[in-house]
Structure formats: structure tokens, C-alpha cells
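What follows is one structure encoded as C-alpha cells, with my remarks underneath.
Number of protein chains: 2
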Amino acid sequence: MAKTVEEIANDLNLSVTTVRLVLNGNASKYRISQNTQKRINDYTAQHGYVLNYAARSLKLNKSDVLGLIIPRLSNPYFSLLAERLELTCREAGYQLITCCTYNDPQREMQLVSSLLSRNVDGLFIAPASVKTQEHHLKLATKPVIIIDRDFGHDDVSVVVSDNALAAEKLTTEMIRHDPSSFLFLAGSEKQPSISERIRGYRNAMASAGLKIKRGSLYKEGDDSTENGQKMMAHYLEKNDQLPSSLMTSSLPLLEGALNVISERYGYIPADLNIGTFDTHPMLRFLPNRIWTARQDEDAIVLSAFRAMIDAINGQSDTVHNIVPMQLIQYVANS
Amino acid sequence: MAKTVEEIANDLNLSVTTVRLVLNGNASKYRISQNTQKRINDYTAQHGYVLNYAARSLKLNKSDVLGLIIPRLSNPYFSLLAERLELTCREAGYQLITCCTYNDPQREMQLVSSLLSRNVDGLFIAPASVKTQEHHLKLATKPVIIIDRDFGHDDVSVVVSDNALAAEKLTTEMIRHDPSSFLFLAGSEKQPSISERIRGYRNAMASAGLKIKRGSLYKEGDDSTENGQKMMAHYLEKNDQLPSSLMTSSLPLLEGALNVISERYGYIPADLNIGTFDTHPMLRFLPNRIWTARQDEDAIVLSAFRAMIDAINGQSDTVHNIVPMQLIQYVANS
DNA sequence: GTGAAAGCGCTAACAC
DNA sequence: GTGTTAGCGCTTTCAC
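Residue numbers (my numbering), protein chains in the order written: chain H, 27 to 360; chain X, 27 to 360.
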């Protein structure tokens, strides 16, 4: 089935050059005769021809493949991001390969090596730590664009959301609605977008003249459902009742927290105010008042992809792009 | 940076064979001298070596890459499936490339060609229609495993859930709880897993001696949020009130329907019984009584992957695997 | 308008 | 224990 250029040339008594010229659409440019063109087209119509990218890639030392390395696809923010990025890449003739680290630095490094040896033309990475990021930058012979978390290196291109500002606005809105008691469950501060969100939270509380009570700000572990469960369970051990406002630094953490709450109470108390980041279609169906700071996936994808293309083309001034988030409120007027 | 085997061999005054033997861990097998091994290992430790997969793939006519073609990643069922499949593939030494069709048959066919020319060793596909499936099978020179939808060809391996049975059980449970009025929003019957679900629904209604009222069973369009909105809006135009039980054939349809309901009423009436397929962590937090027939992603992935490996190894008896679903109920005891 | 040939980096078969 | 070599399918340069 899969004929090669040479086979076609032999079968048709032509040279590979001639065949390639028409296969690549340069027939008219090099004035290949109509007859020859027709013979070739007829042949491929009948026998089919698929370009062998391995050979092309070997010769040209580029693969038209880009890699995306993220924590998990089951985080709706990342699955949306992956979807959009794949589309954008495809439209520009690139194939995207998406891989998940499951928050495992070891796996993250393996993935980078693996994709590199697969000859990707560039990598988008949401790195687990400064250390892994440095590892990647040292290893990579191709452009790397860091997304989602800014570890403050300026020798690499970074695209992130304006986490601190968004967190501040989010918190301010929630305080305005009900300042009585807050609980903020966050992942580890070592993850810069988290620490930024915590910073924004602190700013807002300070501006409002509110103290952050002991045991009302958790910042440990990763961005997983399990960790959300753990932190919420711990809070409920120490406290008799729920806070009036619950904030989480990510959707998985919120899921975990709500898991524990709904198990404890049998349902989610509708008067619990909820604040979080990113969104999922289901979120707005909760009876609660919900604020969420939504990252602009489209803008992030666009910015990151442009940075990538520029880097591939050698305009490798590193880019530091901070994309504004949007504050959304869901209210059920029951 | 990226040294080739030949460069290493030259620099060390060895032959490529010798270098390869130790690089591939066959040193002891061929009794390469300790000294030579050390020299090579030291060299690569210092200069690094990354296998060039393009060259390997060209030579061996295999890439250790598998392709997954699905409608969308933003459907939580598929993002979970993709996550699991990627893990399984990686553990077996395969790289997975996941692509989305956005329910566009044209794009689906392009994707197949594109992945084929990237020399994937096999394809997992959830095809849009019989036609596209036939197209793929004709084109593909590598194994194809069909997932999620069974168009009834027995010359291809298929792994699907037991949609009809699960739908029947689901409906029966919902009838038992409240038989008063049903609305079932489904995608197009041309999609076999949907038609199976409708069949199960019909069976259950018949067994319970219930008639399916005119305008209470929608089966048109695709499996998208937008389509769910459209169908629900249409229903509310024709009917003054909500049904007592709402079923949808997929999560995106449910999201769409709930969108319309929450816009119309300002909230989701808690006494609306909901039945659907697949699940999302957020689902259980709705105040409603919810039944869902959950597909067993792990079992599906395992079965599909095994079928793939068998096919790659030439044991190409086609497999027809039907994986049982699990019925889950979420109840808020408010 | 068309053709010939080198070479990308790897593997496998065969030498010695 | 180690070395030589052909060739996978493509692109590019040069030739006629």
C-alpha cells in the first residue's frame, strides 16, 4: 500500500525529483508537463501515497511535532488548555504530543528526555519545580516555553496568568459579600502560581483590615483531590463548623474539600460561599454562591504558541507574558 | 550536545557496533571489556546521548508511538480515558498521541492520515460514523482498535461498554423511584452507543408498562453542550414545566440541559431526578438525586491495549469486548 | 523539464 | 570482543 517516492518513480519510469515536484505541489513552478503530472496523480490516486515523516524528520532534523507536558489531563483547566493548544498547533501544521507527569518530578524528567529523543521541535512545560525546570533547560536542544508557573528565571520564555491580582480581586469580592470567616486551602507555596494566589489573598485581607486566623490558611501538598480531602478533613477535626467562605487554589482541591463536606453533612450547605480558580461547566450548578477567577486559556495558548514559533524561527528574545484572568460569579437565586 | 553513535565511536576509536552494544545494555552479553564499557559510559555521561527515534523508526519501520483519536478532551470521560491510556502505553514503552476530532468527520480522516504518515504502530479510534470507520480501515496499514462505539463490523477489534444493559438498569432504578414523567435527551441514533442506550431505555419503559410520550425522547445532533442546550430549550418551549426525571445520554448533553434550566429558573430544582452516563467529580455535589451509569475506563483501556499489542504481534484475531458499566447513585440527604 | 547521487542516524547481518 | 557495511525514504544540490 504505502508506496515510496522511489517506487512511484520506477513504476512510472520517471525520476524521484520529478515525482517529488508534483507531489509537493511545485509542478507548475518547474514546468512539469501536464501529461507527466496526470500520470503521477493518477498513480497516487490509485495506489495512495503517504509521506514518511521519519525519513523527512531524519533528513531535515525537525519533526513538526511539539510536546506539551502538564500535571494531569483530568484537571479541566489542563484538558481545555491541551485541546486548544492541539488545535492551534494543527492549524499551523504541527502535531502536538501531550503527556502527564502526575506531579512526579521523576516522570517529568523522563518525559522531557523521551520527547527530545522523539525529535520534537519544541516543548511547552508546566514544570513541577525550579529544579526540574533547570534540568529541562539544560537538556533541551530545542525551544522550551514554560507555562502556568513562573519560577522567576528570565532566560526562558514564560506565559502565566496574573494570579496575584486575580486572587486579590476574588478575595475582595468575597469579603465584600461576607467577611465573617474564611478558609483558604492551597497547594504548596513552592509552586509559584499558588504562592502568587496566596499573596493576593493576603493583600486583600490586609486591605480589608482582616486578620488571617491561625489554621485558616493551608498551604501544603500538591494540587490533587486527595490533598483537598486531607486538608478539609483536618480542618473539620479542629473546628466544629464550616467557615462562611471556602477558597481553594484550584479545582481539584475544591473537589476534594467538597467530597469531605458532602460526606460529613450529606450535602453541600448552600450558604457556604465558595471561591476558586478556573472553572468547570458543572460548577455553576451548585446551589452555592461561587466566585471563580478564570484563566484565559485562549490567550495563554495564543501567547505561548507565538513565543514557540518565534523561538523556532530564531527570534529567541525570551518572552514574559502575563495574561489577565476573569472574575466570574455564579449565583443561584433560589 | 546530541552526539550520534558514530561520533562516539570515532572519538573513542571504537566501532559503532561496540558502542551500540553497551548503549543498549547488551555489553555483558557480548563480553565487551570492562575498560571499553567504562570509556563509553564516561563519554556519554559527559557529552550525553539521545537516541534519534526518527532514524530508528525509519530503519525498523515502527515508531513505538500509538495514536488515540477521540471527539474531545473536554469531555471528562475521554480525558480520563486518555490519561489512563497514556499511562498504560508509557509503561509498555509506547508514546501515545491524542487527537480530537471535534465531531468533524473530515478532521477525523485527516487525523488518521496524519498519524499514519507519522508512522504510528497502531490507532485507537472512536469513529464518527460507519463511513469514516470504513475509510480508516481501508487506509490503515497498522492495527486499528475501535473504542466507544460498535458499528457492528466483525472484521475489526472493538471495545465498548454494555450500553444497552446499563441504560436499562439505570432507567429501571429511576422508574422505581418516580415513574411520573420522563425526558430523555440523546445524541444521534446513528452513534451506536447512543442507540444502545436508547434501546435500554425503551426496554426498561416497556417492562415497567410505561409509554414513552411524544416529545419526551430527543435523539438528534451530536454529543455537545450546545446540542443539550438546544434540545432542552426546545422542550421548555413546548412544555410548561420540567419533567420529574431528566435523562441524558452523555455528560456534555447534561451540562447543556442544566445550563438552560438554571438560566430559566435561576437554579437547578433539587427535586429534579437526574440520570446520565459517565461521571465527573462535581456531579455528586448537585443537590439532586442522581443516577449515573459509569463506564469502566480502566477495564476499557486494559482491554483495548491488550487487543492492540496482540494485533501488533500478529495475533490478529479480532476481539469484540463488551465491558460492564457500574450504576452509581448520588443522594444528598438534605 | 527531468535525472543522479549523497547523506541524515540507526540497525542488523556478517566478518574476523 | 570488535569492526564493516548496506539501506530505511526523504531532501537537496548539482547536472544536463
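Here a beta-carbon is modelled for each residue, glycine too, at the ideal position from N, C-alpha and C.
Note that this is a predicted model, so its numbers are computed, not measured.
Cβ of residue i within 8 Å of any chain H Cβ
{"i": "G292 of chain X", "result": "yes"}
{"i": "Y69 of chain X", "result": "no"}
{"i": "A234 of chain X", "result": "no"}
{"i": "F150 of chain X", "result": "no"}
{"i": "C115 of chain X", "result": "no"}
{"i": "R144 of chain X", "result": "yes"}
{"i": "M308 of chain X", "result": "yes"}
{"i": "Q121 of chain X", "result": "yes"}
{"i": "A108 of chain X", "result": "yes"}
{"i": "G358 of chain X", "result": "Before going further, note that residue 358 of chain X is Ala rather than Gly in the sequence given. So yes, A358 of chain X belongs to the interface."}
{"i": "S139 of chain X", "result": "yes"}
{"i": "E134 of chain X", "result": "no"}
{"i": "E112 of chain X", "result": "yes"}
{"i": "V76 of chain X", "result": "yes"}
{"i": "L99 of chain X", "result": "yes"}
{"i": "T198 of chain X", "result": "no"}
{"i": "S276 of chain X", "result": "no"}
{"i": "S288 of chain X", "result": "yes"}
Buried or exposed (CB count within 10 angstroms, at least 16 for buried), residue i
{"i": "S54 of chain X", "result": "exposed"}
{"i": "S100 of chain H", "result": "buried"}
{"i": "Q321 of chain H", "result": "buried"}
{"i": "E323 of chain H", "result": "buried"}
{"i": "Q217 of chain H", "result": "buried"}
{"i": "N87 of chain H", "result": "exposed"}
{"i": "S83 of chain H", "result": "buried"}
{"i": "S250 of chain H", "result": "buried"}
{"i": "P102 of chain H", "result": "buried"}
{"i": "T197 of chain X", "result": "buried"}
{"i": "T44 of chain H", "result": "buried"}
{"i": "R175 of chain X", "result": "buried"}
{"i": "E289 of chain H", "result": "exposed"}
{"i": "N39 of chain X", "result": "exposed"}
{"i": "N189 of chain H", "result": "buried"}
{"i": "K157 of chain X", "result": "exposed"}
Residue closest to residue i, alpha-carbon to alpha-carbon, out of the options
{"i": "S140 of chain X", "options": "X:L92, X:D180, X:L113", "result": "X:L92"}
{"i": "I287 of chain H", "options": "X:G254, X:A358, X:I294", "result": "X:A358"}
{"i": "C126 of chain X", "options": "H:V185, H:N67, H:A108", "result": "H:A108"}
{"i": "N50 of chain X", "options": "X:V31, X:H306, X:A325", "result": "X:V31"}
{"i": "V170 of chain X", "options": "X:S342, X:A118, X:S187, X:L353", "result": "X:S342"}
{"i": "G74 of chain H", "options": "X:Y120, X:I34, X:I151, X:K164", "result": "X:K164"}
{"i": "F150 of chain H", "options": "H:M334, H:N347, H:I338", "result": "H:M334"}
{"i": "V327 of chain X", "options": "X:K85, X:L122, X:V146, X:T44", "result": "X:L122"}
{"i": "L312 of chain X", "options": "H:D304, H:G301, H:P295, H:A166", "result": "H:P295"}
{"i": "T302 of chain X", "options": "X:Y291, X:A283, X:L277", "result": "X:L277"}
{"i": "L243 of chain X", "options": "X:A234, X:E252, X:M258, X:Y128", "result": "X:M258"}
{"i": "M135 of chain X", "options": "X:E117, X:N145, X:S155, X:N339", "result": "X:S155"}
{"i": "Q355 of chain X", "options": "X:V349, X:S329, X:D304", "result": "X:D304"}
{"i": "E350 of chain X", "options": "X:E263, X:H162, X:S187, X:R65", "result": "Looking at the sequence shown, residue 350 of chain X is not Glu but Pro. With distances taken between Cα atoms, P350 of chain X lies closest to X:S187."}
Test: residue i CB closer than 8 Å to a CB of chain X
{"i": "F311 of chain H", "result": "yes"}
{"i": "E33 of chain H", "result": "no"}
{"i": "Y79 of chain H", "result": "yes"}
{"i": "V182 of chain H", "result": "no"}
{"i": "L374 of chain H", "result": "As displayed, chain H neither begins before 27 nor continues past 360, which places residue 374 of chain H out of reach and without an answer."}
{"i": "T305 of chain H", "result": "no"}
{"i": "E160 of chain H", "result": "no"}
{"i": "T251 of chain H", "result": "yes"}
{"i": "L18 of chain H", "result": "Nothing about residue 18 of chain H can be reported from this structure: the residues present for chain H run from 27 to 360 only."}
{"i": "E281 of chain H", "result": "yes"}
{"i": "L84 of chain H", "result": "yes"}
{"i": "L353 of chain H", "result": "no"}
{"i": "T167 of chain H", "result": "yes"}
{"i": "T124 of chain H", "result": "yes"}
Contact under 8 Å by Cβ, residue i with residue j
{"i": "I220 of chain X", "j": "S271 of chain X", "result": "no"}
{"i": "T114 of chain H", "j": "L94 of chain H", "result": "no"}
{"i": "L47 of chain X", "j": "S143 of chain H", "result": "no"}
{"i": "N314 of chain X", "j": "I300 of chain X", "result": "yes"}
{"i": "P153 of chain X", "j": "S207 of chain X", "result": "no"}
heavy atom of the ligand COA below 7 Å from residue i C-beta
{"i": "M258 of chain X", "result": "Questions concerning the ligand COA fall outside what the structure shown contains, since it holds no ligand whatsoever."}
**Prompt:** Can you give, in chain order, each stretch of the beta strand (DSSP E) that sits fully within the stretch 231 to 278 of chain H and has at least 3 residues?
**Reply:** 243 to 245, 271 to 274
**Entirely enclosed beta strand (DSSP E) segments - the stretch 107 to 133 of chain X, minimum 3 residues** = Within the stretch 107 to 133 of chain X, the runs of beta strand (DSSP E) at least 3 residues long that lie entirely inside it are, in chain order, 121 to 126.
**Message:** Ignoring anything shorter than 4 residues, give me the alpha helix (DSSP H) runs that lie fully in the stretch 32 to 93 of chain H, in order along the chain.
**Reply:** 42 to 49, 60 to 73, 79 to 86
**Message:** Which runs of the beta strand (DSSP E) at least 3 residues long sit entirely within the stretch 157 to 206 of chain X? Give them in chain order.
**Reply:** 170 to 173, 183 to 187
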